[in-house]
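2 protein chains.
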Amino acid sequence: MQIERTLKSELIYEGRVFRVERLDVELEDGTRSVREIVRHGGAVGVIARKPDGKHILVRQYRKAVELPSLEIVAGTLEAGEDPAECAHRELLEESGCTAASMRYLGKLYPSPGYVSEEIHIFLAVLNEGRAAQNPDEDERLEVLEMSHAQVEAAMWDGTIRDSKTLGAWTMYRLHAPEDFPR
Amino acid sequence: MQIERTLKSELIYEGRVFRVERLDVELEDGTRSVREIVRHGGAVGVIARKPDGKHILVRQYRKAVELPSLEIVAGTLEAGEDPAECAHRELLEESGCTAASMRYLGKLYPSPGYVSEEIHIFLAVLNEGRAAQNPDEDERLEVLEMSHAQVEAAMWDGTIRDSKTLGAWTMYRLHAPEDFPR
Numbered sequence: 001m002q003i004e005r006t007l008k009s010e011l012i013y014e015g016r017v018f019r020v021e022r023l024d025v026e027l028e029d030g031t032r033s034v035r036e037i038v039r040h041g042g043a044v045g046v047i048a049r050k051p052d053g054k055h056i057l058v059r060q061y062r063k064a065v066e067l068p069s070l071e072i073v074a075g076t077l078e079a080g081e082d083p084a085e086c087a088h089r090e091l092l093e094e095s096g097c098t099a100a101s102m103r104y105l106g107k108l109y110p111s112p113g114y115v116s117e118e119i120h121i122f123l124a125v126l127n128e129g130r131a132a133q134n135p136d137e138d139e140r141l142e143v144l145e146m147s148h149a150q151v152e153a154a155m156w157d158g159t160i161r162d163s164k165t166l167g168a169w170t171m172y173r174l175h176a177p178e179d180f181p182r
Numbered sequence: 183m184q185i186e187r188t189l190k191s192e193l194i195y196e197g198r199v200f201r202v203e204r205l206d207v208e209l210e211d212g213t214r215s216v217r218e219i220v221r222h223g224g225a226v227g228v229i230a231r232k233p234d235g236k237h238i239l240v241r242q243y244r245k246a247v248e249l250p251s252l253e254i255v256a257g258t259l260e261a262g263e264d265p266a267e268c269a270h271r272e273l274l275e276e277s278g279c280t281a282a283s284m285r286y287l288g289k290l291y292p293s294p295g296y297v298s299e300e301i302h303i304f305l306a307v308l309n310e311g312r313a314a315q316n317p318d319e320d321e322r323l324e325v326l327e328m329s330h331a332q333v334e335a336a337m338w339d340g341t342i343r344d345s346k347t348l349g350a351w352t353m354y355r356l357h358a359p360e361d362f363p364r
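Those sequence lines, one after another, are chains A and B. Quick note: the first sequence uses my numbering, first residue 1, plus one each step. Quick note: the second sequence uses my numbering, first residue 183, plus one each step.
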């Protein structure tokens, strides 16, 4: 597979959530091009399943698409944070739930064409009960409990359009087919 | 659902593929915050199924993640372009294939937390045969033919990590369950 060598890298913007770089690259045949890249420190996404089989999802307003978005629990890795620890932390902050088990399903790239972010996907089997949420100061999250069939109906009718949620669901089915009724 | 009102918008960077804006927003309870947003004009993704049931996927080096990435056919909408036209165009350019039918499955958001891009997902049933590819000047694409089971094995073992591909696969299963062996 042909790789692309970086000739020069220029920092365009250093933000709170990401930074932007502009790279001059050279392909193996000598062709030169420019790649604009959004650098992001990575995140986790958690498929959260209750003992009764229902799923916990969160709904929040997403300014980038100017819509409320229904998604699995997710959040950004702190510097040096272990992804599994982050998964437990975000689960508790966003939903008030704790996990009896936290299984790693792998990672996905939300937008590998121009974003460096990788999202580590976990499958949490939750403990009974739910404490109060404790989201970030500027986060407003609504917690929903949905059956497996309700989640799939929302994916079918376009209520769920978030790619990490839809993508994690494919990973979930392939790694835990026993949870998918036939 | 609480929405976020834009108080001020500042253009940070105007690039080739995206631009970056920094927004001051106000939540409904008066809390103020900053949202950094990557604006992107939108794209299409095409699940491409041959008459013999095999799938066409493309592999290319993705500089943002410094890895070769195996993905469904995809590409960026030109200004004013109809998504279905774009799907036919990208299918031909990237794979050399034409479609006998092009069914719209809906759209997904690759990264709604900070990217505005929406990706329109199509299911193409291909015609027989394949012409030469005609990718963009700085694109190097490898075309692969994979059985349904090979695609799912690659999703299971982490060879496929692209969220539009994994997410589109969930949409595909829910809209065309007859293609999924039980």
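Each residue gets a CB set at the ideal place from its N, CA and C atoms; glycine is no exception. Just so it is clear, the structure is predicted and the values come from calculations on it, not from any experiment.
Which residues in the same chain have their Cβ closer than 6 Å to the Cβ of residue i, if we skip the five residues on either side of it in sequence?
i                      : result
residue 204 of chain B : 192, 194, 218
residue 250 of chain B : 241, 243
residue 154 of chain A : 160
What does a CB cutoff of less than 8 Å around residue i pick up in its chain, not counting 5 residues either side in sequence?
i                      : result
residue 291 of chain B : 297, 299, 300, 301
residue 132 of chain A : 96
residue 196 of chain A : Any answer about residue 196 of chain A is impossible in this case: the structure gives chain A only from 1 up to 182.
Given this structure, state the Cα-to-Cα distance separating residue i from residue j, to the nearest angstrom.
i                      : j                      : result
residue 100 of chain A : residue 289 of chain B : 34 Å
residue 273 of chain B : residue 230 of chain B : 8 Å
residue 74 of chain A  : residue 305 of chain B : 29 Å
residue 216 of chain B : residue 98 of chain A  : 30 Å
residue 197 of chain B : residue 223 of chain B : 12 Å
residue 276 of chain B : residue 235 of chain B : 19 Å
residue 2 of chain A   : residue 180 of chain A : 39 Å
residue 266 of chain B : residue 308 of chain B : 14 Å
residue 359 of chain B : residue 152 of chain A : 12 Å
residue 330 of chain B : residue 287 of chain B : 18 Å
residue 138 of chain A : residue 206 of chain B : 12 Å
residue 233 of chain B : residue 310 of chain B : 7 Å
residue 17 of chain A  : residue 364 of chain B : 42 Å
Does the beta carbon of residue i sit closer than 8 Å to a beta carbon anywhere in chain B?
i                      : result
residue 112 of chain A : yes
residue 212 of chain A : As shown, chain A starts at 1 and ends at 182. That puts residue 212 of chain A outside it, with no answer to give.
residue 15 of chain A  : yes
residue 36 of chain A  : yes
residue 146 of chain A : no
residue 81 of chain A  : no
Exposed or buried, what is residue i when buried is set at 16 or more other beta-carbons lying within 10 Å of its beta-carbon?
i                      : result
residue 318 of chain B : exposed
residue 344 of chain B : buried
residue 112 of chain A : buried
residue 87 of chain A  : buried
residue 64 of chain A  : buried
residue 253 of chain B : buried
Tell me which same chain residues have a C-beta within less than 7 Å of the C-beta of residue i, skipping the five on either side of it?
i                      : result
residue 19 of chain A  : 11, 13, 39
residue 43 of chain A  : 74, 75, 76, 77, 117, 119
residue 248 of chain B : none
With 8 Å as the threshold, decide whether the Cβ of residue i is near any Cβ in chain A.
i                      : result
residue 254 of chain B : no
residue 247 of chain B : yes
residue 315 of chain B : no
residue 186 of chain B : yes
residue 341 of chain B : no
Got a sec: is the Cβ-Cβ distance from residue i to anything in chain E below 8 Å?
i                     : result
residue 90 of chain A : No chain E is present in this structure, whose protein chains are A and B.
Q: State whether the segment 322–334 of chain B contacts the segment 232–249 of chain B, with contact taken as three or more CB pairs (one from each stretch) at a distance under 8 Å.
A: yes
**Q.** the segment 160–176 of chain A contacting the segment 333–353 of chain B, beta-carbon criterion three pairs below 8 Å
**A.** yes
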